[in-house]
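Peer 1:
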Amino acid sequence: MGSEGAFSAQKRGSGGLPTANAAVNGGARSRAASLLPRGRQIHKTFNNIKITILCGFVTILVLRGTIGLGNLVSSEADAENQHLIEETNRILAEIRSDKDPTDPDDGPEQFLGLNDTFSLGPRISTWDQDRKVWLEKNPQFPSYVNGKPRFLLVTGSQPTPCDNAIGDHYLLKALKNKIDYCRLHGIEIVYNMAHLDKELAGYWAKLPLLRRLMLSHPEVEWIWWMDSDALFTDMVFEIPVSKYKDHNMVIHGYPDLLFEQKSWIALNTGSFLFRNCQWSLDLLDSWSPMGPKGPLREEAGKILTANLKGRPAFEADDQSALIYLLLSQEQWMSKVFVENSFYLHGFWEGLVDRYEEMIEKYHPGLGDERWPFVTHFVGCKPCGSYGDYPVERCLKSMERAFNFADNQVLNLYGFRHRGLVSPNIKRIRNETVAPLVNVDQFDIRHAAHHTTEPQS
Amino acid sequence: MIGRLLGPRRARQLQRFVRNGKLTILCLFLTVIMFRGYLGAGRFGTPEKDLDDIRETLSYIRRRAEPRRVLEEALMAAQGELKSAENAAAGSNNYTDFDISKIFRDEDDGVEEFRRDPSQPYSLGPKISNWDEQRAEWLERNPKFPNFSGRINKPRVLLVTGSSPKPCENPVGDHYLLKSIKNKIDYCRLHGIEIFYNMALLDAEMSGFWAKLPLIRKLLLSHPEVEFLWWMDSDAMFTDMAFELPWERYKDVNLVMHGWDEMIYDQRNWIGLNTGSFLLRNSQWSLDILDTWAPMGPKGKVREEAGKVLTRELKDRPVFEADDQSAMVYILASQKEKWADKVYLESAYYLHGYWGILVDRYEEMIESYHPGYGDHRWPLVTHFVGCKPCGKFGDYPVERCLKQMDRAFHFGDNQILQMYGFIHNSLGSRKVRRIRNETSNPLAVRDELGLLHPAFKAVKV
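The listed protein sequences derive, respectively, from chains A and B.
Mapping the first sequence onto this note's numbering, position 240 (from 1) lands on 783, and the numbers just tick up by one.
Mapping the second sequence onto this note's numbering, position 192 (from 1) lands on 379, and the numbers just tick up by one.
1. Over the uninterrupted alpha helix (DSSP H) stretch that includes A:V952, give me the two end residues.
2. For A:Q984, go through chain B and note every residue whose CB falls closer than 7 Å to its CB, in chain order.
3. I need the DSSP call for A:A773, collapsed to helix, strand or coil.
4. Give me the Cβ distance between A:W747 and A:D671, rounded to the nearest whole Å; I'm assuming they're in contact under 8 Å.
5. For the region 792-801 of chain A against the region 872-890 of chain A, are there 3 or more C-beta pairs whose distance is under 8 Å?
6. Of the residues that make up the region 698-726 of chain A, which ones have a beta carbon closer than 8 Å to any beta carbon in chain B?
7. Reducing DSSP to helix, strand and coil, say where B:W417 ends up.
8. Residues in the same chain with beta-carbon distance under 7 Å from A:G569, minus the five sequence neighbours each way, listed in chain order, please.
9. Could you give the distance in angstroms between the alpha-carbon of B:E551 and the alpha-carbon of B:F609?
10. Using a C-beta cutoff of 8 Å, does A:D673 count as contacting chain B?
11. For B:E449, does the count of other Cβ atoms within 10 angstroms reach 16, so buried, or fall short, so exposed?
12. Which residue wins for smallest C-alpha separation from B:M515, given the options B:L408, B:R490, B:T462 and B:L545?
13. In angstroms, rounded to a whole number, what distance separates the CA positions of B:R255 and A:D825?
14. Please confirm whether A:I987 has its beta-carbon closer than 8 Å to some beta-carbon of chain B.
15. Do you know how far the Cα of B:S616 is from the Cα of B:P584?
16. Could you tell me the alpha carbon to alpha carbon distance between B:K331 and B:C375, rounded to whole angstroms?
17. Give me the residue from A:S831, A:K716 and A:F780 with the minimum Cα distance to A:G664.
18. If you draw a straight line from the C-alpha of B:L497 to the C-alpha of B:E635, how long is it?
19. Okay, do the region 629-646 of chain B and the region 749-766 of chain A touch, 3+ Cβ pairs below 8 Å being the bar?
20. Give me the chain A residues within the contact set of B:S627, using Cβ-Cβ distance strictly less than 7 Å, ordered along the chain.
21. Give me the Cα-Cα distance between A:Q683 and B:L538, rounded to the nearest whole angstrom.
22. Counting only Cβ pairs nearer than 7 Å, list the residues of chain A close to B:V413.
23. Using a Cβ-Cβ cut-off of 8 Å, state whether A:G570 counts as contacting chain B.
24. Quick check: what's the CA-CA separation for A:N811 versus A:R913?
25. Might you give, ordered along the chain, the residues of its own chain that have their beta carbon closer than 7 Å to the beta carbon of B:L388, omitting 5 neighbours on each side?
26. Please classify A:N632: is it buried, with 16 or more other beta-carbons within 10 angstroms of its beta-carbon, or exposed?
27. If you measure between the beta carbons of A:L695 and A:I782, is that distance less than 8 Å?
28. Using the rule of at least 16 other Cβ atoms within 10 Å of the residue's Cβ for burial, across every protein chain shown, is B:S306 buried or exposed?
29. Can you pull out the residues from the region 589-607 of chain B whose beta carbon lies closer than 7 Å to at least one beta carbon of chain A?
30. Considering only the beta carbon of each residue, do A:A849 and A:M833 sit closer than 8 Å?
31. Residues of chain B with a CB under 9 Å from the CB of A:Y898: which are they?
32. Using the beta-carbon count (16 or more within 10 Å), is A:A948 buried or exposed?
33. Which residue from A:Q804, A:L955 and A:L963 puts its Cα closest to that of B:G297?
34. Between B:A642, B:N334, B:A509 and B:E533, which lies nearest to B:L460 when the distance is taken from Cα to Cα?
35. Quick check: the Cα distance between A:G582 and A:F589, rounded to an integer number of angstroms?
36. Please name the residue, chosen from B:G578, B:Y560 and B:L589, that lies closest to B:W542 on a Cα-to-Cα basis.
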């Protein structure tokens, strides 16, 4: 107020003398400024400094907001959460990469050349006799138990986590499904997670594995390979082994597709049986040459594409190789049973939508198109990143198939899923004080036991 | 000019006003930018998002070119091709970022549901008092389902474990559940034990760690041929494949848990025993103890109140809702005369082995000992208590838990692989190498541990 008064006094004073006074005014003004009391000057400076600090502070805050130093702002729980997620992702990435710091350096990969021969192991030619002798010497490990031949179900998956978490979840569910079926039918399971042979990787990995298991377990009569994406959907059905007493291999397929059309999907190697005998070892030896990674597999793939109907161009796979082998070498077919009276392998697309219809009209134990034995999710590949079908359809169908089968298991306990896409269950039978009545009626094993024909 | 229009004083006021106004607007503008940075401004986004957008439009996104395999069924080919063409248009084929909970849905399929009467106090089921007789009579009628088998009079055992039917919250959780069940499958195949993997919540009131109680009762009553039910947590792994449980020792007891008598009966210590791995005989006594055990379980007020009682009564127990382990300690300690004579607290081997004191010693064990001991020299079970790989938060650092679970898994897996002539490159490595060459006379070769055809798997001749 005071300074303003001084100013106004100055201005009033200089009003009457324009030109000369302008210079005087200007001079007067600057003189006036230096004539301002110190207090005012300090006050002004102080104000300026305050404003400067305020602006500086605001600038810093704005910079924080834009550059995003978020973890300084969010609450502790969020920060911890974020940190945990980051750590998990880092560890996950480390686990998923095949690198292990303690592994010896393998060096560059060596592939077998086109002129090299590959073998699964030293040739064995007396397996039938060797096995017979062993079984006689070891009666406590018989190949027939309770009149039924001993089965070994073999399946497996990669040792690393799947590309995404949902893949591992469905591997787990598929394994539970197999555990349930095998418990009900007295079958043992081997779940493989190791790459036994560097050259025969991928879908070929089952060959050295099956050979190794046959040779280590002479007490096993039938060895059954099943893909990890195949689910049992008929918990009551049992493989009619008496049909195969003169055969050594049982595989699902269609003879006309095989012999007439020479189609590359005439048979399916996602679910098949081998008898533990010399013939099977010989077949494995003849089957494996197209398998070794590298130029051998590539060249073999070309041959297969040229000879089989409908096959796209890619490296040799075990299924096409088997079809080609059975077509080109005649000595095998007499012992191979091409089964299609029940779904030893059932392609999922034509089956999963009909489950409700099946529940309404039919009952477990049929194994065929009325109540499929196995629903095989070919092409879904939930363990990878991309499948051949839409993800939602695949996962929904797998969930439905799993629950369809699980209902048959839970039936004994008096429970059922709340619909085929629900993980939740509901009680369909009250608890009683005489539970054994229900056990006699609903336990699948008692039903299976009564329908098995006695083995002579 | 404005000065001449409004008069000097007014002019000055206006000037001041304008200056203040400029300052105010500047500060307001800065504040708005600041808030946009923190809280976002709805569809105006945040500065970070701007940066991301810019990055995206400027960068080049490489399409993944993975070779795809299509195995189509010829018979369904006509329909299949049409359908898949439709579907490919309908949905994405990419598994990452797919939210599985879109699929799960409860539906009513018309089958009648039975519910428990909520007005009644909680019970696992109607009281059965003659289970031993019922069961004995059933076993007589069904000689094909004996409860004892083998040359060594071994009881029939059912191993029970389980996990949630929904995917784990943690992306690696399901992978470790898979490894864990494979590990159990291997042990049980060698020892002739059956497995039941549970993925169903039988009773919504008994959730969490209490879910095992209705399940155990249900399995005991539905499987009269089972003599012992072996409950095992999903985070416990077998690390001694050669150790066979000493069944003879348990011929007069009904409940076997890992623990110490003094810690339960004298100290009432809440970790004096572990209910992560225990054996329960299929008998009336077991049904009775399950009925005594259950009342502290029902979710909600009952469990909370019970938790307070347990914290008060047991030594060193922190404050949280009632858990099955503390409840068991409390029952045994307070009703010793009723139950203790049929309970065996095993500490001679690791029926449950706390992982913290075991996992770092595996290499030392490999050097100095061999499988078959089951105790501190070569633990039967390594139990990853507190790791909770399926959930988001465990009690220990994630990296330590996962790395050690891998090591324990490989430690056990080595004993299986050696049967077939392989071994892991190291305890941390997934890769395997050969330790025995293929021969032309495979039956002459015996595996070092004798696990291919062990005595405890032999059938009665």
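Quick reminder that beta carbons are idealized off the backbone N, C-alpha and C, glycines included.
Just so you know, these numbers come straight off a predicted model, no measurement behind them.
Peer 2: With the given structure in hand:
1. V934 to L953
2. Neighbours of A:Q984 on chain B: none; closest Cβ ~11 Å, over 7 Å.
3. strand
4. That belief does not hold up - the Cβ atoms of A:W747 and A:D671 are roughly 26 Å apart, past 8 Å.
5. Short answer: they touch.
6. Within the region 698-726 of chain A, the residues whose Cβ lies closer than 8 Å to some Cβ of chain B are S700, P702, T703, P704, C705, D706, N707, A708, I709, G710, D711, H712, L714, L715, K716, L718, K719, I722, D723 and R726, listed in chain order.
7. strand
8. Legend: pLDDT at A:G569 = 43, less than 50; position of this residue unreliable, no value from coordinates given.
9. 20 Å
10. yes
11. exposed
12. Of the candidates B:L408, B:R490, B:T462 and B:L545, B:T462 places its Cα closest to the Cα of B:M515.
13. Bear in mind that the predicted position of B:R255 carries a pLDDT of just 33, short of 50, making it too unreliable to give a figure here.
14. With 8 Å as the cut-off, A:I987 does not count as an interface residue toward chain B.
15. 20 Å
16. 21 Å
17. In terms of CA proximity to A:G664, A:S831 leads the group A:S831, A:K716 and A:F780.
18. 49 Å
19. Result yes; three or more Cβ-Cβ pairs closer than 8 Å.
20. P665, R666 and I667
21. Each residue's CA atom was taken as its position, placing A:Q683 and B:L538 some 28 Å apart.
22. Within 7 Å Cβ-Cβ: nothing; B:V413 doesn't reach chain A, min ~11 Å.
23. Only weak support is given to the placement of A:G570: the predicted model assigns it a pLDDT of 44, under 50, and the value that follows is read from those uncertain coordinates. Not one chain B Cβ lies under 8 Å of A:G570.
24. 20 Å
25. S394 and A398
26. exposed
27. no
28. exposed
29. L589, L604, M606 and Y607
30. no
31. Per Cβ cutoff of 9 Å: no residues; A:Y898 is ~11 Å from chain B at best.
32. buried
33. A:L963
34. Closest by C-alpha distance to B:L460, out of B:A642, B:N334, B:A509 and B:E533, is B:E533.
35. 10 Å
36. B:L589
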